[in-house]
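In what follows, a structure is listed as structure tokens, so that the remarks can point back to it.
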Amino acid sequence: MKMESLYQEIILDHYKHPHGRGLKDPYSGEAHHVNPTCGDELTVRVQLSADGSVVEELSYEGQGCSISQASASVLHDLVAGQPVMDAMAVGDEFQRMIGGRGTVEPDEEVLGDGVAFAGVAKYPARVKCALLGWMAFKDATARAVAGADASTSTEATR
Amino acid sequence: MKMESLYQEIILDHYKHPHGRGLKDPYSGEAHHVNPTCGDELTVRVQLSADGSVVEELSYEGQGCSISQASASVLHDLVAGQPVMDAMAVGDEFQRMIGGRGTVEPDEEVLGDGVAFAGVAKYPARVKCALLGWMAFKDATARAVAGADASTSTEATR
Amino acid sequence: MGAPAPELTLDVERIRADFPILQRTVRDGHQLVYLDSGATSQKPVQVLDAERSYYLRHNAAVHRGAHQLAEEATDLYEGARAKIAAFIGARDNEVVFTKNATEGLNLVAYSMSNAATSGPEAARFVVGPGDEIVVTEMEHHANLVPWQQLCQRTGATLRWFGLTDEGRLDLSDVDSVITERTKLVALVHQSNVLGTVNPVAEIAAKAHKVGALVVLDACQSVPHMPFDVVESGADFVAFSGHKMLGPTGVGVLWGRYDLLAAMPPFLTGGSMIEVVRMEGTTFAAPPQRFEAGVPNIAQVIGLGAAVDYLTEVGMANVAEHEKQLTAYALDAVESLPGVRVIGPPTNVARGGAVSFVVVVDGIHPHDVGQVLDDQGVEVRVGHHCAWPIVRRFNIPATTRATFYLYNSTEDIDALVAGIERAQRFFKP
Amino acid sequence: MGAPAPELTLDVERIRADFPILQRTVRDGHQLVYLDSGATSQKPVQVLDAERSYYLRHNAAVHRGAHQLAEEATDLYEGARAKIAAFIGARDNEVVFTKNATEGLNLVAYSMSNAATSGPEAARFVVGPGDEIVVTEMEHHANLVPWQQLCQRTGATLRWFGLTDEGRLDLSDVDSVITERTKLVALVHQSNVLGTVNPVAEIAAKAHKVGALVVLDACQSVPHMPFDVVESGADFVAFSGHKMLGPTGVGVLWGRYDLLAAMPPFLTGGSMIEVVRMEGTTFAAPPQRFEAGVPNIAQVIGLGAAVDYLTEVGMANVAEHEKQLTAYALDAVESLPGVRVIGPPTNVARGGAVSFVVVVDGIHPHDVGQVLDDQGVEVRVGHHCAWPIVRRFNIPATTRATFYLYNSTEDIDALVAGIERAQRFFKP
Ligand SMILES: Cc1ncc(COP(=O)(O)O)c(C=O)c1O
Ligand SMILES: Cc1ncc(COP(=O)(O)O)c(C=O)c1O
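Protein chains in written order, with my numbering: chain A, 1 to 158; chain B, 1 to 158; chain C, 1 to 428; chain D, 1 to 428.
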């Protein structure tokens, strides 16, 4: 049954019991991303360490389907407390798996619970859902690093 | 052979030896018509009687294919010197024949040499050629009747 | 469960035989249940054959060549225009072919901003600061964003009618929305999300009283009910071929001839000109003025065949059939515990779009759609290109089923079973 | 008569087998000789099959649905984009689908006038009084009238390059035509009337030196020769699918990504938005930003199949084949007494459009075309949507033969025999 390969138990768990939900202060970067096709939206905040090298805190708030919300919850688990470089690497690996049309063997070492999303790769219409939080995270971090004005700005996940 | 049904001897005669060609003065109405598809153009002048009831003179000048030029020559023969009402009736009958897709039996009494154009009706792309002079004539007459300013105005035959 | 399945007006089995795609399976062998005709309809083989036979026998550029193929192609193209005009009660020269309804609506909006730099005959189309354009909160983006943009280009102001909780237009403030400042009222005939059928004639009368033009988005009505442009009360009507059994890549803009004749061109190029000089150009009469370039010939011919097909079935029968399906579906979906229909709950002034959300235990519409898809039931999820509607109802999105002449009550049974499955699957 | 028939690069018989229309007869049993591919090309069955199989198996609205059909349709649509991008050396996200080349050229012209009321990122597209747009006297109306209209909307001035007696661009005054005032240069790659191939890279370099944008009308080059957008030197390139074995109703606008990304939208509506509120809308990234509404899905997929077909034959082979035919035709037509070729008499920097007039005993081009048609030889007559060219050469019109991969030297023999017949028929 294909559907179960998409909606892994882990995903449903994160969806029903999300980790890190609720925007936190203070934060050094924020990004608000929208999936223009379905209207799902997510705001992600990061608080980097003073030297900008570590994601001390990651919080989010938004609305969307199980995939986008569970993915944000897993994002929180994988990224909060990690060095920025490592967090970005996880993001890249996640993106590689999700965009791979089911042909990419994910690195479980790197992705942890994230591998549960491997099934999404076979549903092209859901790829953007799974990536929503991750793209917002990258954006928020880029803003924090650039020391940019951390105000909310709407930008679609492309 | 179909082509000969289009290019009747009478048409070729009028084409090679046009009647009434060359713009004349004075005139009470003028119209310049263009066939936007192929660029053929024709200026027609009419001089109506003082009471506006008779086409005393019809002259024209232009460039175009054998059909459009021969048709203008036949127009001259059928219309010059005729009462406006009769001339309009001839025009209507000509238009009915040309637009009839070859299904209309033309009235030879009314059309004279004009019946030679019956074959054009089967070539939809040439219908506008055959009508070019006639539409310009109608326009020029309308302007003369309206006492409108007789200046040249470009208008396509539709 | 809902009421027993009604006796249907149409012989669905016979119709389905003309739509081979409906025989296919999806997702590991599930029979396809296509409930997304509001997005795009399927096409009968008659339409595909009309296109193919044009290409195999008559393909040539229309209105340009004098050779036999060009004559034949032009006859087929203009013949299709005549059919489509007759289908909507219009005169041939009032029917302009576009690539989709979106282009038709943009055409009017751009012609209006072009009017400012055109001759005096276009004066009545000019809008600027102080003028108002009126739309509604239930518009598809195609009938909203072009007017937002027209306002941005010209300095005019956009105003709109809100919606009632039942998903109808809130016309309580009609006399303060449509005023002497109103230059144009653009509205949808039947909402693609709510199913609501709007009182177009009534609103058009108000608009005309203040001298405003009326643009009707008939994307969801022309395919589904008998429609007459004159009776509609509108000045312009836009719709898409692909939603009414026709090919992709073709739409129709109808306009009152006197308005089209006074309107400046939009797209410019070949075939829409009268005389061209380097110094300046004059333009052909409508409809040619608005059909620049080699047109979508095969698609127009295909749409002509679609109109033949619909005429054969009978638009009154199509409407009746959909009414029966909608009644059945509304009843069944509303009776599901925890499911809420977004849009009129009664089957009055309402067409075959049933949007819903699962409110109890809040399953996201995307997830509901995924479970349905897993069973072969193809519905649409999201904001359906009418984002302001979901904002209005304070929901993230909806799951939407839409019906057409090839749908049966079994399709709706499959939908209902799928929703129940989703509820079981996502039970907390 | 001209030279002996050359050995051709392509196996015409094999190719013709893919184009069933070429087997038909016209005008009382004459074998069709199709010499009007410059207006529109014929389509191989491979293209028709690709469209049909889309409709029979996968038809759904792209980029909107989450169900399996929508996924498949989107994959096919975006897969075609990737093929077409590869065919012209472009990145996928630089390829925008339009309904024809005309729309693509209008898109750029309207985006430029929209720039005046858009944000600061669009500033480089703004034109107004004092600015100049440069075109040439050999433009198709599709690459002339949109710029005349842009000037009318904005107050900019239109300037142009004239033509030499041989039908080449007169570039003697290039430095007074392209100046610091120039904001955009729009020109045709290969003239559809004269056959002239213009030195695009050279002109583009001049234009870029003064900071102007370069728009290339590649309608008659992309179908007929190897083409690479980057090598072309242009910033925007427009062409039509129907002239390159593809369906009607589809065209392509290529643009440099950084330019597309900064450019305001043109048509607005569904699928091109980012976030929509009643108060205002933000827009998606290119290419989606420029593809409003349900697109011409089947036609794009058909164009993808056309590109596959051309790639299989090889564009270098197509070009070589047409060069051979053109040499043969030029030679034969020029050697007819009383016939004058309009356009370069030599086969250098020149493509397969042979326009001519019968000057001795002045047979009108329309009549020549009619006699040819009577023999089954389908050519085009008139101004070919490039009216300024015939004005420039002081002729009423031309008769034009154009060639493609399915044409043979026998087709040209039939053309020549037909011209001789016309001369006999109209002898005074
Ligand atoms: C050189 C040239 N430019 C532009 C066009 C316009 O193409 P379309 O009518 O397909 O938009 C054509 C063909 O008609 C052409 O030959
Ligand atoms: C109500 C309504 N208006 C406009 C449109 C736009 O139609 P298209 O995308 O074919 O231009 C649609 C469908 O997408 C619609 O349902």
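Here a beta-carbon is modelled for each residue, glycine too, at the ideal position from N, C-alpha and C.
Item to check | For B/A61: DSSP bridge partner residues | outcome: Reading the second sequence from its first residue, position 61 is the one you call residue 61 of chain B. Checking the sequence, you will find Glu at residue 61 of chain B rather than Ala. Answer is B/T43, bridged to B/E61.
Item to check | Cβ-based neighbour list, B/S153, same chain, cut-off 8 Å, excluding 5 preceding and 5 following | outcome: Mapped onto the second sequence, residue 153 of chain B falls at position 153. Note that B/S153 scores a pLDDT of 48, beneath 50, so its modelled location is shaky and nothing firm can be said.
Checklist entry - How about D/G418: is its Cβ closer than 8 Å to a heavy atom in ligand 1? => result Residue numbering aside, residue 418 of chain D sits at position 418 when the fourth sequence is read from its first letter. Checking every heavy atom of ligand 1 against the Cβ of D/G418, none is found closer than 8 Å.
Checklist entry - Can you find a CB in chain C that lies within less than 9 Å of the CB of D/A234? => result Here the question's residue 234 of chain D lines up with position 234 in the fourth sequence. Output row for D/A234: interface = no.
Item to check | Where the beta strand (DSSP E) containing C/R400 begins and where it ends | outcome: Along the third sequence, one-based indexing puts residue 400 of chain C at 400. Segment T398 to T402, the beta strand (DSSP E) holding C/R400.
Checklist entry - For a contact meaning CB atoms closer than 9 Å, what does C/G269 contact in chain A? => result Taking the third sequence and counting its residues from 1, the one referred to as residue 269 of chain C is at position 269. Residues of chain A passing the Cβ test: none, with the nearest at roughly 31 Å.
Item to check | D/S355, DSSP secondary structure in three states | outcome: Locating residue 355 of chain D in the fourth sequence gives position 355, counting from the first residue. Strand, per DSSP.
Next on the checklist: Quick check on C/T409: does DSSP put it in helix, strand or coil?
Outcome noted: Position 409 of the third sequence, counted from the start, is the residue given in the question as residue 409 of chain C. Note: C/T409 maps to helix in three-state DSSP.
Next on the checklist: For a test of your reading of the model: does the CB of C/G314 fall under 8 Å from any non-hydrogen atom of ligand 2? Yes or no.
Outcome noted: Translated into the one-based positions of the third sequence, residue 314 of chain C becomes position 314. Outside the cutoff, so no.
Checklist entry - Counting Cβ pairs, one atom from each stretch, are 3 or more of them under 8 Å apart for the segment 46-58 of chain C and the segment 94-101 of chain D? => result no
Next on the checklist: Let me confirm a value: B/L23 is counted as buried when at least 16 other C-beta atoms fall within 10 Å, else exposed. Which label applies?
Outcome noted: Position 23 of the second sequence holds residue 23 of chain B. It is exposed - the Cβ of B/L23 has fewer than 16 other Cβ atoms within 10 Å.
Item to check | Coil, strand or helix - D/T281 by DSSP | outcome: Start at 1 with the first residue of the fourth sequence, and residue 281 of chain D comes out as number 281. Three-state DSSP puts D/T281 in a strand.
Next on the checklist: Between which residues of its own chain and C/E166 is the CB-CB distance below 6 Å, once the five residues before and five after are set aside?
Outcome noted: Start at 1 with the first residue of the third sequence, and residue 166 of chain C comes out as number 166. These residues qualify, in order along the chain: P344.
Checklist entry - the segment 393-404 of chain C: which residues have C-beta closer than 7 Å to a C-beta of chain A, in chain order? => result P396 and A397
Next on the checklist: Per the DSSP calculation, C/D36 is bridged to which residue(s)?
Outcome noted: The residue given as residue 36 of chain C occupies position 36 in the third sequence. DSSP, once it has assigned bridges, lists C/T402 as partnering C/D36.
Checklist entry - Using a Cβ-Cβ distance under 9 Å, would D/G79 count as near chain E? => result Judged by its chain identifiers, the structure shown contains no chain E, and its protein chains are A, B, C and D.
Next on the checklist: Any C-beta of chain C within less than 8 Å: which residues of the segment 120-140 of chain B qualify?
Outcome noted: Y123, P124, A125 and R126
Item to check | D/S335 burial status per 10 Å Cβ neighbour count (16 or more: buried) | outcome: Taking the fourth sequence and counting its residues from 1, one reaches residue 335 of chain D at position 335. Classification of D/S335: exposed, given that the 10 Å Cβ count is below 16.
Checklist entry - For C/R380, does the three-state DSSP call read helix, strand or coil? => result Against the third sequence, residue 380 of chain C aligns to sequence position 380. It is a strand residue.
Item to check | CA nearest to the CA of A/Y27, picked from A/D92, A/K122 and A/S59 | outcome: Stepping through the first sequence from its first residue, residue 27 of chain A is reached at position 27. Of A/D92, A/K122 and A/S59, the residue nearest in Cα terms is A/S59.
Checklist entry - Just checking my contact of C/L158 with C/I133 at CB under 8 Å: how many whole Å lie between their CB atoms? => result If you number the third sequence from 1, residue 158 of chain C lands on position 158. If you number the third sequence from 1, residue 133 of chain C lands on position 133. With a Cβ gap of about 5 Å, C/L158 and C/I133 count as contacting.
Checklist entry - Does any CB atom of chain B fall closer than 9 Å to the CB of D/G382? => result Here residue 382 of chain D refers to the residue found at position 382 when the fourth sequence is read from its first residue. Output row for D/G382: interface = yes.
Item to check | Below-9 Å beta-carbon distance, D/D75 vs any chain A residue | outcome: Within the fourth sequence, residue 75 of chain D is the residue found at index 75, counting from 1. Yes, because at least one Cβ of chain A sits closer than 9 Å to the Cβ of D/D75.
Checklist entry - What whole-angstrom Cβ distance do C/Y406 and C/V12 have, given they're in contact under 8 Å? => result Here residue 406 of chain C refers to the residue found at position 406 of the third sequence. Here residue 12 of chain C refers to the residue found at position 12 of the third sequence. Right, their Cβ atoms sit about 6 Å apart.
Next on the checklist: At the 9 Å Cβ level, is D/A292 part of the contact set with chain A, yes or no?
Outcome noted: Taking the fourth sequence and counting its residues from 1, the one referred to as residue 292 of chain D is at position 292. Not an interface residue.
Next on the checklist: I want to see whether chain A comes within less than 9 Å of C/P428, judged by CB atoms only; does it?
Outcome noted: Counting from one through the third sequence, the residue named residue 428 of chain C turns up at place 428. Cβ-Cβ to chain A under 9 Å: yes for C/P428.
Checklist entry - Cβ of C/L296 versus every heavy atom of ligand 1: is any distance shorter than 8 Å? => result The residue you call residue 296 of chain C lines up with position 296 of the third sequence. Note on residue identity: the sequence assigns Asn, not Leu, to residue 296 of chain C. For ligand 1, not one heavy atom lies less than 8 Å from the Cβ of C/N296.
Checklist entry - Residue range of the alpha helix (DSSP H) that B/D113 falls in? => result On the second sequence, residue 113 of chain B is found 113 positions in, with the first residue counted as 1. Here B/D113 belongs to no alpha helix (DSSP H), and DSSP marks it neither H nor E.
Next on the checklist: What does the Cβ neighbour count give for C/T281, buried or exposed, with the cut at 16 atoms within 10 Å?
Outcome noted: Along the third sequence, one-based indexing puts residue 281 of chain C at 281. With 16 or more Cβ atoms within 10 Å of its Cβ, C/T281 is classed as buried.
Checklist entry - Taking any Cβ of chain D, which residues in the segment 31-44 of chain A have a Cβ under 7 Å from it, in chain order? => result V34, P36 and T37
Checklist entry - Any residues in the segment 273-306 of chain C with a beta carbon nearer than 8 Å to a beta carbon of chain D? Which ones, in chain order? => result I273, V275, V276, R277, M278, G280, T281, A292, G293, V294, P295, N296, I297, A298 and Q299
Item to check | Proximal chain B residues relative to D/W429, where beta-carbon distance stays under 7 Å | outcome: Residue 429 of chain D cannot be examined here, being either before or after the span of chain D that is shown, 1 to 428.
Checklist entry - How would you call C/P4, buried or exposed, if buried means at least 16 neighbouring beta carbons within 10 angstroms? => result If you number the third sequence from 1, residue 4 of chain C lands on position 4. So C/P4 counts as exposed.
Item to check | Residue closest to C/G249, alpha-carbon to alpha-carbon, out of C/S240, C/Q423 and C/R256 | outcome: For the purposes of this step, residue 249 of chain C is identified with residue 249 of the third sequence, where counting begins at 1. Checking every option, the nearest Cα to that of C/G249 belongs to C/S240.
Checklist entry - Grouping DSSP H, G and I as helix and E and B as strand, with all else coil, what is C/P247? => result On the third sequence, position 247 is the one that residue 247 of chain C refers to. Coil.
Next on the checklist: Need the endpoints of the beta strand (DSSP E) that D/D217 sits in, please.
Outcome noted: The residue you call residue 217 of chain D lines up with position 217 of the fourth sequence. L213 to D217 is the span of the beta strand (DSSP E), which, as asked, contains D/D217.
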